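At the far end of the sequence shown sits residue 287, using the numbering used here, and the numbering has no gaps. For every residue, glycine included, the Cβ atom is placed at its ideal position computed from N, Cα and C. Note that this is a predicted model, so its numbers are computed, not measured. Below is one structure, written out as structure tokens; the observations come after it.
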Amino acid sequence: MKPAPFEYHRVHSRDEAIARLSELGEDAKLLAGGQSLVPMMNFRIVRPSALIDITRVSGLDHVARDGGALSIGALVRHATLEHLGPEASSGYEILPRAARFVGHFPIRARGTFGGSLAHADPAGEWCMLALALDAQIVCEGPAGTREVEAADFFQGFMTTALAPEEIVTEVRFPRPWPQAAIQEFARRHGDFAIVAVIAALELVDGRCREARIVIGGVDEVPVRVPEAEEALRGAEPEPSAFEEAAAAAAREIDPVGDLHGSVRYRRELTEVLVRRALHEAVGNGG
Ligand SMILES: Cc1cc2nc3c(=O)[nH]c(=O)nc-3n(C[C@H](O)[C@H](O)[C@H](O)COP(=O)(O)OP(=O)(O)OC[C@H]3O[C@@H](n4cnc5c(N)ncnc54)[C@H](O)[C@@H]3O)c2cc1C
2 MKPAPFEYHR
12 VHSRDEAIAR
22 LSELGEDAKL
32 LAGGQSLVPM
42 MNFRIVRPSA
52 LIDITRVSGL
62 DHVARDGGAL
72 SIGALVRHAT
82 LEHLGPEASS
92 GYEILPRAAR
102 FVGHFPIRAR
112 GTFGGSLAHA
122 DPAGEWCMLA
132 LALDAQIVCE
142 GPAGTREVEA
152 ADFFQGFMTT
162 ALAPEEIVTE
172 VRFPRPWPQA
182 AIQEFARRHG
192 DFAIVAVIAA
202 LELVDGRCRE
212 ARIVIGGVDE
222 VPVRVPEAEE
232 ALRGAEPEPS
242 AFEEAAAAAA
252 REIDPVGDLH
262 GSVRYRRELT
272 EVLVRRALHE
282 AVGNGG
């Protein structure tokens, strides 16, 4: 199928993008990589009256370090993060690892970091990562700039805290998590995962001071599993602690069953993937 008719506007600055969004109203959509929006338009799942093409807006394609903090511009492509150099990715090695799970090569070559967050698929790797690593999402609109914590940004199935006339400009990660890993299960490589897990550990003196476990694909938004994280706090990073955390994660989630997997299947996958992710995280970045 082809999309329903729409107007096309190319903008060259954030201010212009925000002005167009305000002027054209809720039926207008920003166009970034087009890797989610265009298929949805072709299937007529969405019928925007106008597209505002932001791909030539300058100043949104940076990857910048400020000590431990990392900022990623909204227009940074998945492929850029897949091939991030060692200096930029130091402590954030999870970025290139996670990028390899995002669709196929053509999707990674065009799709953007900010587009993924705005699209907010519950199994989207960047959404999970933002939640796991306490990212702040910078949103700009007619009233100015605000930073939204990832935990507050994802509000429901493909629904975010973004106002209709706002644009995501940047995502900020406050501190590195070298010991982090991603594990997924999808029917074919490149598909959205049936269940995906990101685990990150902060190890101090041979014990786990902090742990983050995020599960994607089991709810309307990516979810943290506090009991599983708590099971690891203060523990030595050993198989028995990982077993306990994985079992807690499987208990804590409230998955939905669908054609791709039943509730029970998703719980079992969660347990297996959390365990694997924790084992892998310990071996990473040590
Ligand atoms: C076959 C296939 C497989 C895929 N597999 C995966 C996968 O495994 N994991 C995964 O994470 N993704 C996957 N994707 C989606 C892909 O990662 C998209 O690139 C991403 O979800 C959206 O980014 P985009 O730049 O293409 O955004 P677009 O498609 O251009 O836009 C998506 C939505 O975000 C809005 N938007 C875009 N940029 C901004 C911004 N800066 N501020 C505010 N709103 C904005 C748009 O208005 C639109 O509503 C897949 C896509 C396809 C077609």
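For Arg213, list the residues DSSP reports as bridge partners.
Paired residues: Ala201.
Could you check if Thr1 belongs to the surroundings of ligand 1, using beta carbon to heavy atom distance under 7 Å?
Residue 1 lies beyond the residue range present for the chain, which begins at 2 and ends at 287; the question has no answer from this structure.
With 16 other CB atoms within 10 Å as the buried threshold, where does Pro223 fall?
buried
Where are the alpha helix (DSSP H) runs, 4 residues long or more, that stay fully inside the segment 89-151, in chain order?
95-100, 106-111, 114-120, 126-133
What's the gap between the Cα of Val1 and the Cα of Ser263?
In this structure the chain extends from 2 to 287, so residue 1 is not present and cannot be described.
Considering only residues of the same chain and omitting the five flanking positions on each side of Trp178, which have a CB-CB separation below 6 Å?
Leu134, Ala201
Could you work out which residue in Val257, Thr271, Val12, Phe7 is closest to Ala33 when comparing CA atoms only?
Val12
Are Leu76 and Leu61 close, meaning C-beta to C-beta below 8 Å?
yes
Near Glu237, what residues of its chain come up, given a Cβ to Cβ distance below 8 Å and the 5 sequence neighbours on each side ignored?
Gly207, Arg208, Cys209
Suppose you measure from the CA of Ala152 to the CA of Leu132; what does that come to, to the nearest Å?
6 Å
Could you tell me which residues DSSP pairs with Lys30 in its beta bridges?
Leu52
Hey, out of Glu83, Ile55, Ile195, whose CA is closest to Ile95's CA?
Glu83
Excluding sequence positions up to five away, which residues of its chain have a Cβ less than 8 Å from the Cβ of Lys30?
Residues of the same chain with a CB within less than 8 Å of the CB of Lys30, apart from the 5 flanking positions on each side, are Leu38, Val47, Pro49, Ala51, Leu52, Ile53 in chain order.
Using the Cα positions of Ile195 and Gly104, report the straight-line distance between them to the nearest angstrom.
Per the coordinates, the alpha-carbon of Ile195 lies some 13 Å from the alpha-carbon of Gly104.
Quick one: what's Ser72 bridged to in DSSP?
Ala65, Arg173
Taking buried to mean at least 16 other C-beta atoms within 10 Å of its own C-beta, is Gln180 buried or exposed?
buried
Beta carbon of Thr170, beta carbon of Glu148: below 8 Å?
no
I think Ala182 touches Ala282, with their Cβ atoms under 8 Å apart; what is that distance to the nearest whole Å?
Going by Cβ atoms, the distance from Ala182 to Ala282 rounds to 4 Å, so yes, they are a contact pair.
Taking 7 Å as the cut-off, is the beta-carbon of His79 closer than that to any non-hydrogen atom of ligand 1?
yes
For ligand 3, is there a heavy atom less than 7 Å away from the beta-carbon of Val12?
This structure lacks ligand 3; its bound ligands are ligand 1.
Quick check on the DSSP output: the alpha helix (DSSP H) that includes Glu8 runs from which residue to which?
No alpha helix (DSSP H) holds Glu8; the beta strand (DSSP E) holding it covers 8-11.
Where does the unbroken beta strand (DSSP E) through Ile183 begin, and where does it stop?
Counted as a single uninterrupted DSSP element, the beta strand (DSSP E) harbouring Ile183 occupies residues 180-186.
Quick check on this structure: which residue in Arg21, Phe7, Tyr9 has the alpha carbon closest to the alpha carbon of Pro165?
Arg21
Relative to ligand 1, is the shortest distance from any of its heavy atoms to the C-beta of Val64 smaller than 7 Å?
Not so, every heavy atom of ligand 1 lies at least 7 Å from the Cβ.
With the cut-off set at 8 Å, would you say Gly112 and His79 are in Cβ contact?
yes
Using the three-state DSSP reduction, which class does Ile19 fall into: helix, strand or coil?
helix
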